[in-house]
Structures are given as C-alpha cells and as structure tokens.
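Protein chains in written order, with our numbering: chain A, 121 to 301; chain B, 121 to 301. Here a beta-carbon is modelled for each residue, glycine too, at the ideal position from N, C-alpha and C.
2 protein chains.
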Amino acid sequence: MQEIADRAGINKGLLHYYFRSKEALFKMIFREAFTRFSKILHTVLSEDRPLLEKIDRIVDEYTDLLCQNPALPGFIVNELHTNADQFVAEIMQLPERPDPSRLILQLHIEGQAGRIRAVDPFQTMLSILSLCAFPFIARPMLQRMVHIDQETYLELMRQRTHAVKDFIRTALLPGGQPSEL
Amino acid sequence: MQEIADRAGINKGLLHYYFRSKEALFKMIFREAFTRFSKILHTVLSEDRPLLEKIDRIVDEYTDLLCQNPALPGFIVNELHTNADQFVAEIMQLPERPDPSRLILQLHIEGQAGRIRAVDPFQTMLSILSLCAFPFIARPMLQRMVHIDQETYLELMRQRTHAVKDFIRTALLPGGQPSEL
DNA sequence: GTCTATAGGTAGATAGAC
DNA sequence: GTCTATCTACCTATAGAC
Numbered sequence: 121m122q123e124i125a126d127r128a129g130i131n132k133g134l135l136h137y138y139f140r141s142k143e144a145l146f147k148m149i150f151r152e153a154f155t156r157f158s159k160i161l162h163t164v165l166s167e168d169r170p171l172l173e174k175i176d177r178i179v180d181e182y183t184d185l186l187c188q189n190p191a192l193p194g195f196i197v198n199e200l201h202t203n204a205d206q207f208v209a210e211i212m213q214l215p216e217r218p219d220p221s222r223l224i225l226q227l228h229i230e231g232q233a234g235r236i237r238a239v240d241p242f243q244t245m246l247s248i249l250s251l252c253a254f255p256f257i258a259r260p261m262l263q264r265m266v267h268i269d270q271e272t273y274l275e276l277m278r279q280r281t282h283a284v285k286d287f288i289r290t291a292l293l294p295g296g297q298p299s300e301l
Numbered sequence: 121m122q123e124i125a126d127r128a129g130i131n132k133g134l135l136h137y138y139f140r141s142k143e144a145l146f147k148m149i150f151r152e153a154f155t156r157f158s159k160i161l162h163t164v165l166s167e168d169r170p171l172l173e174k175i176d177r178i179v180d181e182y183t184d185l186l187c188q189n190p191a192l193p194g195f196i197v198n199e200l201h202t203n204a205d206q207f208v209a210e211i212m213q214l215p216e217r218p219d220p221s222r223l224i225l226q227l228h229i230e231g232q233a234g235r236i237r238a239v240d241p242f243q244t245m246l247s248i249l250s251l252c253a254f255p256f257i258a259r260p261m262l263q264r265m266v267h268i269d270q271e272t273y274l275e276l277m278r279q280r281t282h283a284v285k286d287f288i289r290t291a292l293l294p295g296g297q298p299s300e301l
C-alpha cells in the first residue's frame with residue numbers, strides 16, 4: 121500500500137479512504153482487467169464464422185490482448201492457485217464470460233463431416249488455449265533465457281501467431297496442408 | 121510457519137532451529153522438487169533418438185512428472201513472477217538443466233531435409249512445451265469448470281498425451297497423416 | 001478530501017528453561 | 001533437541017487535525 125500510495129503521489133490514509141481495504145483495491149483493479157479480457161474472448165468465441173476462421177480470430181485476439189496486458193496472466197495464475205473456488209465462481213457470474221461450447225460443437229461437427237480430422241474437441245480446444253496462453257505465462261523465464269527485453273518478446277509473440285495458426289490448421293486439416301481457408 | 125509446525129507435530133521454534141528462516145525452508149523444498157523435475161527433462165532432451173520419437177518421450181515424461189507433482193507448476197509460475205532473475209540464474213547453474221538446443225537443432229535439420237514441414241524450430245519447441253505444461257498450470261480453473269476431482273483430472277491428462285502427440289505429429293509431418301514413426 | 005500519527009494484529013525470529 | 005514465551009518488524013486500517 122505504501123508503494124502504491126507513493127507512486128500515486130498520495131499517502132496510505134487516502135488510499136484507504138478511496139478503496140476501504142487492500143483487498144477491495146486489488147479486486148477492483150483485477151476485476152476490471154479480467155472483465156475486459158473476458159469480454160473480448162466471449163465475443164470471438166460467439167462469432168458466427170467457419171471453424172478455421174474462428175480459430176484464427178481466437179489466436180489473433182488472444183495474443184493481442186495479452187500483448188497489451190503482459191502482467192495479467194501472472195495475476196490470473198496467482199489467483200487461480202490461491203483462490204481457485206472464488207475465482208471460478210466469479211467468472212461464472214460474468215454476463216459476458218468466455219463460453220467454449222460453441223467452438224467445441226463446431227469441432228465436433230466438422231470432425232463428423234470429415235472436413236477436419238476426427239479429433240477430441242475438448243483436447244483440441246485446450247490445445248489452442250495452451251498455445252496462446254503459455255508463452256505469456258512463462259514469459260519472465262523465456263525472456264531472460266533468450267536475453268531479450270519485453271518489447272522484443274512481445275513482438276516475437278505477434279510473429280508467433282502465424283506459426284500457431286499454421287500449426288493448428290495443419291494438425292486439423294485432413295490433407296495436412298495449410299490452406300487459404 | 122505455524123501451520124507447517126502444526127502439521128509436522130512440532131512448534132515454530134523447532135522449525136527455525138532446523139531451517140533457520142522461512143525462506144531457507146521454502147528454498148530447500150522448492151529446489152529439491154525442481155531439481156528432480158529438471159533432471160528428468162534434461163535426460164529426455166539429451167537422448168539420442170529420432171525427432172518424433174523424442175517428442176513423444178518428452179510429452180510422456182513431462183506429463184508423468186506433472187501428474188506426480190500437480191502442485192509444482194503453481195510454485196514455479198509464482199517464483200517466475202516474483203523472483204524471475206534469481207530463479208533463472210539458479211536454473212542456469214544446475215549441472216543437469218533442461219537444454220532445448222539439441223531438439224531445436226533436430227527440428228531444423230529434419231525441416232531442411234524435408235522430412236518434416238519447414239517450421240520455425242523455436243516456435244515449435246515452445247508449442248510442444250505449451251501443450252504439455254499449460255493444462256497443469258490452469259488445472260485449478262479447468263478442474264472446477266468441468267466439475268471433476270483432481271484424480272480424474274490427472275487421468276484426463278494421461279489420456280491427453282495421445283491427443284497431444286497426435287496433434288504435434290500431424291502438424292509436423294509433410295503428408296499430414298500421423299505415422300507409426 | 002487530504003494529511004499525520006498511531007492503534008491493532010500478525011508472523012518471523014530469538015531467548016532461555018528443560 | 002524440544003519446548004514456551006517473547007521480541008521485533010511490518011503492514012493494514014483507523015482516528016483525528018486541517
């Protein structure tokens with residue numbers, strides 16, 4: 121609280137005057153960031169698009185979001201490991217929370233129709249999420265190992281979207297060749 | 121420290137007598153777990169095997185390790201976001217630390233030879249790691265969303281290894297069909 | 001609204017008896 | 001080695017002057 125007050129150019133007392141408690145302050149900030157995040161994911165997941173196009177959108181938007189909020193994944197993961205129950209309960213209450221069921225359904229349908237390989241929709245969904253999120257969660261480590269600064273790392277992540285989209289497409293398409301959708 | 125002492129059936133004083141400080145205790149436990157983890161990864165990464173066989177081994181061993189230490193990823197990520205510099209420095213000092221350079225080289229060579237698609241080796245390496253690690257980092261959330269207990273979730277992760285290996289293979293092979301290596 | 005000063009409580013660490 | 005009691009530091013939160 122002292123450090124926050126210092127950076128804001130005020131004092132601890134005033135911080136409590138505005139936010140009542142440290143926890144209330146944290147929740148307000150965190151919820152605000154997470155809600156923005158959640159809303160955009162909700163939108164792309166709900167869009168009415170062909171499967172592969174939708175996956176491309178997810179990868180692009182997800183990466184964009186995390187590039188703009190590189191510290192967010194750390195907070196989310198921390199909350200997840202200290203307050204998992206409450207955190208999940210709060211997500212469930214959001215009116216515009218990410219709902220993967222539509223994407224899972226599309227994966228199922230396209231698989232049945234033979235337009236993509238017959239993969240397990242849940243595992244595939246999880247794989248897409250993994251490919252997008254993990255590099256940001258592990259950023260503090262990877263960035264230091266490759267000896268680059270944050271901005272360079274984020275640029276590497278933007279380039280990565282092409283590799284990821286290509287990777288997923290190739291893994292899903294029956295022919296195995298990336299197509300132009 | 122109080123809770124640890126209680127669970128150990130001793131008192132705080134004795135805990136300090138043995139470990140000197142809370143930080144020293146944490147580091148001892150954490151380093152022990154991480155070193156085991158690091159050692160096994162080092163081994164599979166160093167093995168002299170064909171590329172796809174090696175990737176299968178990585179996926180299997182990584183999953184196995186995390187199934188046996190489901191709490192470890194949480195601690196690692198937390199350390200990563202609070203002590204990144206020191207954490208990375210300590211990893212670098214380990215005599216048997218995971219070294220991805222050999223795998224990256226193999227990806228490059230096989231790509232050049234046309235035996236796999238010409239992918240970016242670093243991004244591919246990162247993708248493999250993502251597919252293995254993320255589901256364990258996000259476990260507290262996913263487990264609650266699917267309403268299953270930890271043991272069921274870990275079983276789901278063991279099944280997942282097949283989906284992941286298949287996913288990677290298909291994404292890498294020029295023909296796009298998973299082969300029997 | 002904004003500040004200073006301080007109360008209240010918690011937790012890591014130590015002293016000292018046994 | 002093991003315990004109890006206590007010290008010390010820190011940090012959240014509040015009281016009260018302006």
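Evaluate residue i with the Cβ neighbour count: other Cβ atoms within 10 Å of its Cβ, from every protein chain shown; 16 or more gives buried, anything less gives exposed.
{"i": "Met148 (chain B)", "result": "exposed"}
{"i": "Gln263 (chain A)", "result": "buried"}
{"i": "Glu173 (chain A)", "result": "exposed"}
{"i": "Arg289 (chain A)", "result": "buried"}
{"i": "Ala128 (chain B)", "result": "exposed"}
{"i": "Phe157 (chain B)", "result": "buried"}
{"i": "Glu199 (chain B)", "result": "buried"}
{"i": "Ala233 (chain B)", "result": "exposed"}
{"i": "Arg151 (chain B)", "result": "exposed"}
In whole angstroms, give me the CA-to-CA distance for residue i and residue j.
{"i": "Phe242 (chain B)", "j": "His267 (chain A)", "result": "14 angstroms"}
{"i": "Gln226 (chain B)", "j": "Asp168 (chain A)", "result": "40 angstroms"}
{"i": "Met261 (chain A)", "j": "Leu135 (chain B)", "result": "32 angstroms"}
{"i": "Arg140 (chain A)", "j": "Leu186 (chain A)", "result": "30 angstroms"}
{"i": "Pro193 (chain A)", "j": "Arg217 (chain B)", "result": "26 angstroms"}
{"i": "Glu210 (chain B)", "j": "Pro190 (chain B)", "result": "22 angstroms"}
{"i": "Tyr137 (chain B)", "j": "Arg222 (chain A)", "result": "57 angstroms"}
{"i": "Ile130 (chain A)", "j": "Pro215 (chain B)", "result": "48 angstroms"}
{"i": "Glu271 (chain A)", "j": "Ala153 (chain A)", "result": "20 angstroms"}
{"i": "Glu143 (chain B)", "j": "Ile124 (chain B)", "result": "13 angstroms"}
{"i": "Thr244 (chain B)", "j": "Ile160 (chain A)", "result": "27 angstroms"}
{"i": "Gln273 (chain A)", "j": "Leu145 (chain A)", "result": "As written in the sequence, residue 273 (chain A) is Tyr, which differs from the Gln given in the question. Looking at the two C-alpha atoms, the distance is approximately 30 angstroms."}
{"i": "Asp126 (chain B)", "j": "Phe195 (chain B)", "result": "22 angstroms"}
{"i": "Leu293 (chain B)", "j": "Glu275 (chain B)", "result": "28 angstroms"}
{"i": "Glu181 (chain A)", "j": "Asp269 (chain B)", "result": "32 angstroms"}
{"i": "Ile248 (chain A)", "j": "Thr155 (chain A)", "result": "21 angstroms"}
{"i": "Gln213 (chain B)", "j": "His162 (chain B)", "result": "13 angstroms"}
So is residue i in contact with chain B if we call contact Cβ pairs under 8 angstroms?
{"i": "Leu128 (chain A)", "result": "Looking at the sequence shown, residue 128 (chain A) is not Leu but Ala. No, Ala128 (chain A) does not count as interfacial toward chain B."}
{"i": "Arg264 (chain A)", "result": "yes"}
{"i": "Val179 (chain A)", "result": "no"}
{"i": "Ile124 (chain A)", "result": "no"}
{"i": "His267 (chain A)", "result": "no"}
{"i": "Ile149 (chain A)", "result": "no"}
{"i": "Met121 (chain A)", "result": "no"}
{"i": "Asp205 (chain A)", "result": "yes"}
{"i": "Ser166 (chain A)", "result": "no"}
{"i": "Pro255 (chain A)", "result": "yes"}
Sorted by chain position, which residues of the same chain lie with C-beta nearer than 8 angstroms to residue i's C-beta, five sequence neighbours on each side aside?
{"i": "Gln122 (chain B)", "result": "Lys132"}
{"i": "Arg228 (chain B)", "result": "First, the amino acid is wrong: residue 228 (chain B) is His here, not Arg. The residues are Pro241."}
{"i": "Arg280 (chain B)", "result": "Thr183 and Pro255"}
{"i": "Val119 (chain A)", "result": "What is shown of chain A runs 121 to 301, which leaves residue 119 (chain A) out entirely."}
{"i": "Met73 (chain A)", "result": "Coverage of chain A is limited to positions 121 through 301, which leaves residue 73 (chain A) absent and any answer about it impossible."}
{"i": "Ile224 (chain A)", "result": "Pro241, Phe242 and Met245"}
{"i": "Ser166 (chain A)", "result": "Asp219 and Arg222"}
Any Cβ of chain A within less than 8 angstroms of the Cβ of residue i?
{"i": "Pro190 (chain B)", "result": "no"}
{"i": "Gly231 (chain B)", "result": "no"}
{"i": "His228 (chain B)", "result": "no"}
{"i": "Phe287 (chain B)", "result": "yes"}
{"i": "Ala283 (chain B)", "result": "yes"}
{"i": "His201 (chain B)", "result": "yes"}
{"i": "Asn131 (chain B)", "result": "no"}
{"i": "Pro260 (chain B)", "result": "yes"}
{"i": "Thr290 (chain B)", "result": "yes"}
{"i": "Ser221 (chain B)", "result": "no"}
{"i": "Arg156 (chain B)", "result": "no"}
{"i": "Gly234 (chain B)", "result": "no"}
{"i": "Ser250 (chain B)", "result": "yes"}
{"i": "Asp240 (chain B)", "result": "yes"}
Once the 5 residues before and after residue i are set aside, which same chain residues still bring their CB inside 6 angstroms of it?
{"i": "Glu230 (chain B)", "result": "Leu171 and Ile236"}
{"i": "Asp176 (chain A)", "result": "Lys285"}
{"i": "Pro298 (chain A)", "result": "Bear in mind that the predicted position of Pro298 (chain A) carries a pLDDT of just 45, short of 50, making it too unreliable to give a figure here."}
{"i": "Ile178 (chain B)", "result": "Val164"}
{"i": "Gln206 (chain B)", "result": "none"}
Looking only at its chain, what residues have a beta carbon closer than 7 angstroms to the beta carbon of residue i, apart from the 5 residues adjacent to it on each side?
{"i": "Ile257 (chain A)", "result": "Pro193 and Val197"}
{"i": "Thr202 (chain B)", "result": "none"}
{"i": "Ala238 (chain B)", "result": "Gly231"}
{"i": "Arg259 (chain A)", "result": "Pro190 and Tyr273"}
> What are the start and end residues of each continuous alpha helix (DSSP H) run of 4 or more residues lying completely inside the stretch 203 to 249 of chain A, in chain order?
Replying inline: 204 to 213 and 221 to 232
> Taking only runs of the alpha helix (DSSP H) that begin and end inside the stretch 161 to 191 of chain A, which ones reach a length of at least 4 residues, in chain order?
Replying inline: 171 to 188
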